[in-house]
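>
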Amino acid sequence: MPGSYPTLQPVPHSPPPPAVEARDLHFAYPDGTAVLRGVDFTIQQGESVAIIGPNGAGKSTLLLHLNGILRGTGDLRILGLPVETKNLREIRSRVGVVFQDPEDQLFLTSVAQDVAFGPANMGLEKDEVETRVKDALAAVGMGGFEDRAAHHLSFGQKKRVATATVLAMHPEVLVLDEPSSNLDPKARHQLVDIVRGLPVTKIVVTHDLPVAYELCERALILAQGRIVADGPIEAILLDTGLLAANDLELPHGFALPYSLERGAGSCSGMMTQRMT
Ligand code: ADP
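Residue numbers (this note's numbering): 440 to 715.
(1) Quick check on this structure: which residue in Gly495, Leu501, His452, Gly636 has the alpha carbon closest to the alpha carbon of arginine 462?
(2) Return helix, strand or coil for alanine 578, following the three-state DSSP convention.
(3) Any heavy atom of ligand 1 within a distance shorter than 7 Å of the CB on aspartate 686?
(4) Going by DSSP, what residues sit across from glycine 670 in a beta bridge?
(5) Tell me whether the beta-carbon of glutamate 677 lies closer than 8 Å to the beta-carbon of lysine 641.
(6) Determine the contact status of valine 719 and glutamate 653, defining contact as a CB-CB distance below 8 Å.
(7) Quick one: what does DSSP say proline 649 is sitting in, helix, strand or coil?
(8) What residue from Ile482, Asn621, Ala467, Val534 has the CA that sits closest to alanine 496's CA?
(9) If glycine 670 sits next to methionine 608, beta carbons under 8 Å apart, how far is it from one beta carbon to the other, in whole angstroms?
(10) What residue range does the beta strand (DSSP E) around leucine 464 cover?
(11) Pop quiz: glycine 519 and valine 605 are said to be a contact at Cβ under 8 Å. What is the actual Cβ separation, rounded to whole angstroms?
(12) Say yes only if the C-beta of glycine 511 is nearer than 7 Å to one or more non-hydrogen atoms of ligand 1, and no if none qualify.
(13) I need the DSSP call for serine 698, collapsed to helix, strand or coil.
(14) Return yes when at least one heavy atom of ligand 1 lies under 7 Å from the C-beta of valine 474, else no.
(15) Distance, Cα to Cα, glycine 477 vs histidine 646?
(16) Could you have a look at leucine 527 and say whether DSSP puts it in helix, strand or coil?
(17) For the beta strand (DSSP E) containing isoleucine 482, name the first residue and the last one.
(18) Enumerate in chain order the residues of its own chain whose CB-to-CB distance from glycine 704 is below 6 Å, with the five nearest sequence positions on each side excluded.
(19) At the level of alpha carbons, what is the spacing between alanine 674 and histidine 452?
(20) Could you check the C-alpha separation between arginine 713 and leucine 661 for me, to the nearest Å?
(21) Let's see if you can read the secondary structure: which residues bound the beta strand (DSSP E) around arginine 516?
(22) Would you report the Cα separation of phenylalanine 584 and alanine 577, rounded to the nearest angstrom?
(23) For glutamate 587, which of helix, strand or coil comes out of DSSP?
(24) Alpha carbon to alpha carbon, how far is leucine 503 from leucine 659?
(25) Which residues mark the beginning and the end of the alpha helix (DSSP H) in which glycine 595 is found?
(26) Could you tell me which residues DSSP puts in a beta bridge with phenylalanine 616?
(27) Report yes or no: do three or more beta-carbon pairs, one from the region 586 to 605 and one from the region 512 to 530, lie closer than 8 Å?
(28) Can you list, in chain order, the residues of its chain with a C-beta nearer than 8 Å to that of phenylalanine 538? Leave out the 5 residues immediately preceding and following it.
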């Protein structure tokens, strides 16, 4: 009978879940030190976001929540998955954390073994593991170092190999804790160039404002246990009052090269959201 065909309904397209969604996150260490006191923020997939704040603000504590090493109260979702025991394995395979100290990630007898450790643990075939080791080391400019012992490398090289151990897992979200600490200028430039070119969501936890600027488009300021400002990184870094109020300061002589890098006038109309 004409007109009796069911009408085809368009398949609803749900947007991808945010990379990170934190709502009213609270955390205190067992000794009672309350570090996170109601942290709220959302990072969408594909963003590059710096979490900046003075020493002791709780940046590392927050970072350790992103793969469930620390667990606070409130709602924390990573790629749509609530951070709870049953999801930790999946979350840790999709979120790669490069710790401040590369020694925390390098513990086997050769560079190749260190980089292979994660993919092998994921149960991947030997050939696939070898390909990932080769590609990850090439991505950080450490191809040819496969048989070297990590403890014989320079600090900058160790940092790059530690980054490769994470890249070999093909993470969707890359979290870097103080990526520039203890690096000389050349090693710092190399790491910035490598990280900038990676096509993943990036979260950079740092008190190094120039490196935050070089790697990220957006910044969140964490202070007194909360996110107190959220906006485009240029707007945050140009707000000297905001920086000073949160014990942050650009190094003397550092000028934002936004007119060169991002087009003259790109700061106009940018909004920083102050939460306090
Ligand atoms: P940031 O990374 O911003 O420098 P942290 O997250 O390392 O800050 O530290 C935040 C606060 O938590 C500081 O006051 C620090 O002394 C405290 N803290 C860090 N680790 C512990 C711990 N294991 N036990 C108790 N307090 C801690």
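Where a beta carbon is used, it is the ideal one built from N, C-alpha and C, also for glycine.
Well, looking at it:
(1) Leu501
(2) helix
(3) no
(4) Ala658
(5) One detail in the question is off: residue 677 reads as leucine in this sequence, not glutamate. Contact flag unset, no.
(6) No information on residue 719 is available, as it lies outside the stretch 440 to 715 that the chain covers here.
(7) helix
(8) Ala467
(9) Rounded, the Cβ-Cβ distance is 31 Å, inconsistent with contact.
(10) 459 to 467
(11) Going by Cβ atoms, the distance from glycine 519 to valine 605 rounds to 21 Å, so no, they are not a contact pair.
(12) no
(13) Bear in mind that the predicted position of serine 698 carries a pLDDT of just 47, short of 50, making it too unreliable to give a figure here.
(14) yes
(15) 21 Å
(16) helix
(17) 473 to 482
(18) Caution is warranted here: a pLDDT of 40 is assigned to glycine 704, below 50, making its placement in the model unreliable, and the coordinate value is therefore given only provisionally. Counting only Cβ-Cβ distances below 6 Å, and skipping sequence neighbours, we find nothing.
(19) 33 Å
(20) 11 Å
(21) 512 to 517
(22) 10 Å
(23) Note that residue 587 is arginine in the sequence shown, not glutamate. In this structure, arginine 587 counts as coil in the three-state DSSP scheme.
(24) 17 Å
(25) 594 to 606
(26) Per the sequence shown, residue 616 should be read as aspartate rather than phenylalanine. BP columns for aspartate 616 point to Val644.
(27) no
(28) Gln544, Ala601, Asp616
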